[in-house]
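**Student:** Mapping to the numbering used here: the sequence shown position 109 is 433, numbers consecutive.
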Amino acid sequence: MAIGRKHWYRSPAMLLIALATMVAGAGIVYATWSATTHIKGTIDTADVAVVWDNVWTNDDGVGSGTDGEASAAAIPTGYNAPNGTSADPSDGAVNATRFDYNVGSCLANVGGAGVFNVTIADAYPGYYCYVVGHVVNEGSIPMTPSDVAVTATKDGAGVGVVGTGTEGEFEVAPSGGADLTFNIMEGVTCDMTVDPGVPVEVGGWVRVEPGADPGATYELLLDVEWMPFNQVTCAP
Ligand SMILES: [Ca+2]
Ligand SMILES: [Ca+2]
């Protein structure tokens, strides 16, 4: 079962390799007499990071002195808050008049990157909540909002995209009539630029509408997409 021996140089493929090696070897001789210049460029791209910071509402149980929610120890004159700090707001302003009861609550927190959650519990038609957050650009170049998506859940189930845009009014209407209205007053708009390190205040209000179901919990999510300042132009 002997197979005829082949010398490596009888193989056409191997012969080709042998020649190539010889040529390469000859090249080394010339390389010592040649010179090469290089241009080396280094380009560091900027960092981009926009986050929410310092979010609060006027019915989160914390009177901050700037949100119109009284502390239990110091209820302002004309501020109808017999139940202390979290008496329910009856309009959408920062210094809202209040109902005589503390039934509902409206809590804000910062979720993942760029996510601002607002959770409203035990509210009822006519209940308002004023919501404020600070946008902070932690990157190194000015950023502009390119889009805002408002989504909602009802009792943990997605209601879907409520609306897109950077300012104005959005309705949460999972089944026919509106359950909630959400209004971005101090918005993030396509003609604004957020400079690095300078907090920008964004605010709005939420109103519970007659279409809301009793015993439900709603969650609103405001998701903002940011782009470098020169990449966004307002629609004509
Ligand atoms: Ca508060
Ligand atoms: Ca309350």
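Yeah, the Cβ is synthetic: ideal placement off N, Cα and C, and Gly gets one too.
Is the beta carbon of S388 within less than 7 Å of some heavy atom of ligand 1?
**Tutor:** Indeed, a heavy atom of ligand 1 lies less than 7 Å from the Cβ.
**Student:** Below 8 Å on the Cβ atoms is my contact criterion, and I expect G457 with V548 to pass it. Report the Cβ-Cβ distance as a whole number of Å.
**Tutor:** Contact doesn't hold; Cβ gap of about 10 Å is too wide.
**Student:** Based on the DSSP secondary-structure assignment, which residues constitute the bridge partners of D547?
**Tutor:** According to DSSP, D547 bridges with V439 and A473.
**Student:** Pull up the distance between the alpha-carbon of P466 and that of P520, whole angstroms please.
**Tutor:** Each residue's Cα considered, the two are about 6 Å apart.
**Student:** Within the present structure, is the beta-carbon of D412 separated from the nearest heavy atom of ligand 1 by less than 7 Å?
**Tutor:** Result no, Cβ not under 7 Å from ligand 1.
**Student:** Looking at C-alpha atoms only, which residue of G528, A411, P534 and G416 is the closest neighbour of R422?
**Tutor:** Checked all of G528, A411, P534 and G416; the closest Cα to R422 is A411.
**Student:** Comparing alpha-carbon positions, which option in E543, V556, V375 and G492 lies nearest V441?
**Tutor:** The identity of residue 441 in the sequence shown is Asn, whereas the question assumes Val. Closest option to N441, Cα to Cα, is E543.
**Student:** Can you tell me whether DSSP reads N507 as helix, strand or coil?
**Tutor:** If DSSP states are grouped into helix, strand and coil, N507 belongs with the strands.
**Student:** Between the beta-carbon of S504 and the beta-carbon of A536, is there less than 8 Å?
**Tutor:** Residue identity differs from the one stated: residue 504 is Leu in this sequence, not Ser. Going by C-beta atoms, L504 is nearer than 8 Å to A536.
**Student:** Around the C-beta of T541, are 16 or more other C-beta atoms found within 10 angstroms, so that it is buried, or is it exposed?
**Tutor:** T541 is exposed by the Cβ-count criterion.
**Student:** Between the alpha carbons of A417 and C453, how many angstroms are there, rounded?
**Tutor:** Going from the Cα of A417 to the Cα of C453 covers about 8 Å.
**Student:** Is the CB-CB distance between V455 and G528 below 8 Å?
**Tutor:** Cβ distance < 8 Å, so V455 and G528 count as in contact.
**Student:** Using the Cα positions of T360 and D368, report the straight-line distance between them to the nearest angstrom.
**Tutor:** Going from the Cα of T360 to the Cα of D368 covers about 26 Å.
**Student:** Note the first and the last residue of the continuous beta strand (DSSP E) segment covering N378.
**Tutor:** Note, N378: beta strand (DSSP E), V374 to T381.
**Student:** On the DSSP letters alone, give me the boundaries of the beta strand (DSSP E) that V496 sits inside.
**Tutor:** Its beta strand (DSSP E) spans residues G492 to V496.
**Student:** Based on Cα-Cα distance, which residue from V522, H362, Y451 and C514 lies nearest to A373?
**Tutor:** When each option's Cα is compared against that of A373, the closest is V522.
**Student:** Under 7 Å: does the beta carbon of G428 sit that close to some heavy atom of ligand 2?
**Tutor:** Answer for G428: yes, Cβ within range of ligand 2.
**Student:** Straight-line CA distance for K364 to A370?
**Tutor:** Straight-line Cα distance between these residues: approximately 20 Å.
**Student:** Can you tell which of T366, W357, D377 and S358 has the C-alpha that lies nearest to the C-alpha of V526?
**Tutor:** Of the listed residues, the one whose Cα sits closest to V526 is D377.
**Student:** Considering just the uninterrupted stretch of the beta strand (DSSP E) at R422, what are its terminal residues?
**Tutor:** Where R422 is concerned, there is no enclosing beta strand (DSSP E), given that its DSSP letter is neither H nor E.
**Student:** Determine the closest residue to V386 out of T409, N461 and A497, with distance taken between C-alpha atoms.
**Tutor:** Looking at the Cα atoms, T409 is the closest of the given residues.
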